[in-house]
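Written below as structure tokens is the structure these notes are about.
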Amino acid sequence: MSTVTHLEMAELEKNLEEIRRSPQEEGRLALIVRRPRSGEREVIEAGELSVAEGLVGDNWSTRSPDAALEPERQLTIMNARVAGLLAQDEERWELFGDQLYIDLELSEANLPVGTRLAMGEAVIEVTPVDHTGCKKFAERFGVDAVKFVSTQVGKELRLRGMYAKVVQPGPIRAGDTVRKL
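For any residue, its number in my numbering is found by taking its place in the sequence shown, counting from 1, and adding 771.
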């Protein structure tokens with residue numbers, strides 16, 4: 772992975788309009804990342820979404836004894852344009868720790884809780900759990916990146932991403948169309 776300098780707030784804000792141009796109805800699944808064990812990441816071309824396991828082979832269902840009680844945290848999704856901006860290199864996207872990177876506007880206005888998205892043969896549903904930046908996020912992408920995604924606008928646009936759960940299992944593949952139902 773290449774070395775990058777963390778972007779400052781002015782540079783991040785300058786790119787906000789490009790993020791706002793994300794498609795609203797139909798986008799693309801840009802990247803799938805599976806986390807087989809804590810601290811490990813696998814970029815995969817294709818995966819399987821399961822109602823019981825989330826992304827099959829990901830550690831969501833096994834990393835915590837309470838995972839089965841938290842289906843609203845099954846999948847983490849990030850806007851591909853935000854990931855590209857903050858990471859500055861696609862090889863660094865996996866450092867976010869999210870599983871699905873989608874070129875689609877993730878704002879609360881566009882995808883309210885309960886909205887369903889189809890990708891491949893699977894369907895997922897947006898859940899009410901807030902997705903926020905953590906200490907690792909700040910270390911990897913900078914303090915200004917945390918501030919950027921945590922502003923009122925950042926929260927409304929869900930710049931840090933969102934959670935979803937699987938409601939219809941099926942295979943997914945990088946490049947799949949993602950569309951609102």
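Note that beta-carbon positions come from the ideal geometry of N, C-alpha and C, so glycine has one too.
(request) Taking only the alpha-carbon atoms, compute the straight-line gap between S821 and D915 and give it to the nearest angstrom. (result) If you take the alpha carbons of S821 and D915, they lie about 36 Å apart.
(request) Measure the beta-carbon distance from L877 to I848 and round it to whole angstroms, keeping in mind my assumption that it falls under 8 Å. (result) Confirmed, Cβ separation roughly 7 Å.
(message) According to DSSP, is V937 part of a helix, a strand, or is it coil?
(response) Note: V937 maps to strand in three-state DSSP.
(message) Assuming the contact rule is C-beta atoms closer than 8 Å, Q845 and K936 should be a hit. Round their C-beta distance to whole Å, please.
(response) Q845 to K936, Cβ: 4 Å. Contact.
(request) Evaluate S809 with the Cβ neighbour count: other Cβ atoms within 10 Å of its Cβ, from every protein chain shown; 16 or more gives buried, anything less gives exposed. (result) Around the C-beta of S809, fewer than 16 other C-beta atoms lie within 10 Å, and the residue is accordingly described as exposed.
(message) Along the chain, where does the alpha helix (DSSP H) containing T887 start, and where does it finish?
(response) First, the amino acid is wrong: residue 887 is Arg here, not Thr. For R887, there is no enclosing alpha helix (DSSP H); the residue is found in the beta strand (DSSP E) stretching over R887 to M890.
(request) Output the distance between the C-alpha atoms of V775 and T948, rounded to the nearest integer angstrom. (result) Between V775 and T948, the C-alpha separation is close to 30 Å.
(request) Evaluate S913 with the Cβ neighbour count: other Cβ atoms within 10 Å of its Cβ, from every protein chain shown; 16 or more gives buried, anything less gives exposed. (result) Note that residue 913 corresponds to Gly in the displayed sequence, not to Ser. Under a 10 Å Cβ-count criterion, G913 is classified as buried, with 16 or more other Cβ atoms of the shown protein chains found around its own Cβ.
(request) State buried or exposed for M772, treating a residue as buried only when at least 16 other CB atoms are found within 10 Å of its CB. (result) In this prediction, M772 scores a pLDDT of 48, lower than 50, which makes its location untrustworthy; the coordinate-derived value is nonetheless stated afterwards. Classified as exposed, M772 has fewer than 16 neighbouring CB atoms from the shown chains inside 10 Å of its CB.
(message) Suppose you measure from the CA of E813 to the CA of R929; what does that come to, to the nearest Å?
(response) Between E813 and R929, the C-alpha separation is close to 24 Å.
(request) Please go through the same chain and pick out, in chain order, the residues whose beta-carbon is closer than 6 Å to the beta-carbon of E819, but skip the five residues on each side of it. (result) Contacts found: V827 and P942.
(message) Suppose contacts are defined by Cβ-Cβ distances below 7 Å. Is V900 in contact with F908 by that definition?
(response) Taking 7 Å as the Cβ cut-off, V900 and F908 do not qualify as a contacting pair.
(message) Buried or exposed, going by whether 16 or more other CB atoms sit within 10 Å of the CB of G798?
(response) G798 is buried by the Cβ-count criterion.
(request) From the DSSP output, read off the bridge partner residues of G798. (result) Answer is V949, bridged to G798.
(message) Distance check for M890 and R944, CA to CA, integer angstroms please.
(response) Spanning the two alpha carbons is a distance of roughly 8 Å.
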